[in-house]
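A short worksheet on the structure shown next.
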Amino acid sequence: MTEGSNGYDREMLERFLCEIDEADVELLSLKGEYMQSCKGPRETIANVFDQAKEHGIPRAAFRALVKNRRLDRQIAANVEALEADQQAEYEQVCTALGDFIDLPLGAAAARRARPNGGEAALDSLAS
């Protein structure tokens, strides 16, 4: 509020709104450039899916396989993002789960038991 006034400084508000509007325009432009740069790789992926289908590979099964490989890479990146000691703790949790970790339910439990969750996360596995 401006002193001696019962409201906000109109010029300041308009300046703030103009700055945000300009940043929004820039963001929109950057998004357009990004989407354009993604067009080539997306077309390549679509072509590979078409080629796989032409070779008798069921599209839905192949899509699921691709999705799972992408998820595997994301899981690996999540672990790599941990500090070295947290990675060691994560590996200990996975080792403690044994073969259970290879099952979908075990993988979900391992994700819940992230090292940064500590004992509380491990305790939640029992519930």
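The sequence shown begins at 311 in our numbering and counts up by one.
Virtual Cβ for every residue (Gly too), placed ideally from N, Cα, C.
From a predicted model like this one, the values you see are computed outputs, not experimental measurements.
Beta-carbon contacts of ASP382 that lie in its chain and below 8 Å, excluding the five residues immediately before and after: Numbered from its first residue, the sequence shown carries residue 382 at position 72. Same-chain partners within the cutoff: there are none.
Consult DSSP for ILE385 and reduce its assignment to one of helix, strand or coil. Counting from 1 along the sequence shown, the entry for residue 385 is found at position 75. Of the three classes helix, strand and coil, the one that applies to ILE385 here is helix, per DSSP.
Does DSSP put GLY427 in a helix, a strand or coil? As a first step, residue 427 is located in the sequence shown; it is residue number 117 there, counting from the start. For GLY427, the pLDDT reaches just 48, beneath the cut-off of 50, and the residue's location in the model is therefore unreliable, leaving the point undetermined.
Of the choices ARG421, GLU390, GLU343, whose alpha-carbon is the least far from that of VAL403? Within the sequence shown, residue 403 is the residue found at index 93, counting from 1. The shortest Cα separation from VAL403 among ARG421, GLU390, GLU343 belongs to ARG421.
Is it buried or exposed, ALA423, if we count other Cβ atoms within 10 angstroms and call 16 or more buried? The count along the sequence shown starts at 1 and reaches residue 423 at position 113. Buried is the call here.
Kindly indicate which three-state DSSP category PRO368 falls into: helix, strand or coil? By one-based count along the sequence shown, residue 368 stands at place 58. In the structure shown, PRO368 sits in coil (DSSP, three-state: anything other than H, G, I, E or B).
Opening and closing residue of the alpha helix (DSSP H) in which TYR400 lies: If you number the sequence shown from 1, residue 400 lands on position 90. It spans 394–407 - the alpha helix (DSSP H) in which TYR400 sits, taken as one unbroken run.
Excluding five sequence neighbours on each side, which residues of the same chain lie with their C-beta closer than 7 Å to the C-beta of VAL389? Walking along the sequence shown from the start, residue 389 turns up at place 79. Cβ within range, chain order: GLN397, TYR400.
DSSP state of ALA391 mapped onto helix, strand, coil: As a working mapping, residue 391 is identified with position 81 in the sequence shown. It is coil, neither helix nor strand.
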